[in-house]
Amino acid sequence: QFAWWLSLFPGLAILITVLGYNLLGEGLRDLLDPKNKNLKK
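Per my numbering, residue 67 is the first one in the sequence shown, and the count goes up by one each step.
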């Protein structure tokens with residue numbers, strides 16, 4: 067038998083970490099990028 071949860075939980079942890087850093091980086095870029103000030107959505 068294969069213990070699927072042994073690969074699921076580390077994979078989810080990596081996914082959440084990468085998504086968190088990605089969203090944090092995009093938020094910081096939106097706040098700090100002077101070129102992006104006039105490109106409001």
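We put the beta carbon where it would ideally sit given N, CA and C, even for glycine.
Source: prediction; values computed, not measured.
Roughly how many whole angstroms lie between the Cα atoms of residue 86 and residue 67?
C-alpha separation (whole angstroms): 33 angstroms.
If you check the beta carbons only, do residue 88 and residue 96 fall under 8 angstroms apart?
no
Assuming residue 96 is part of the alpha helix (DSSP H), what are its boundary residues?
71–98
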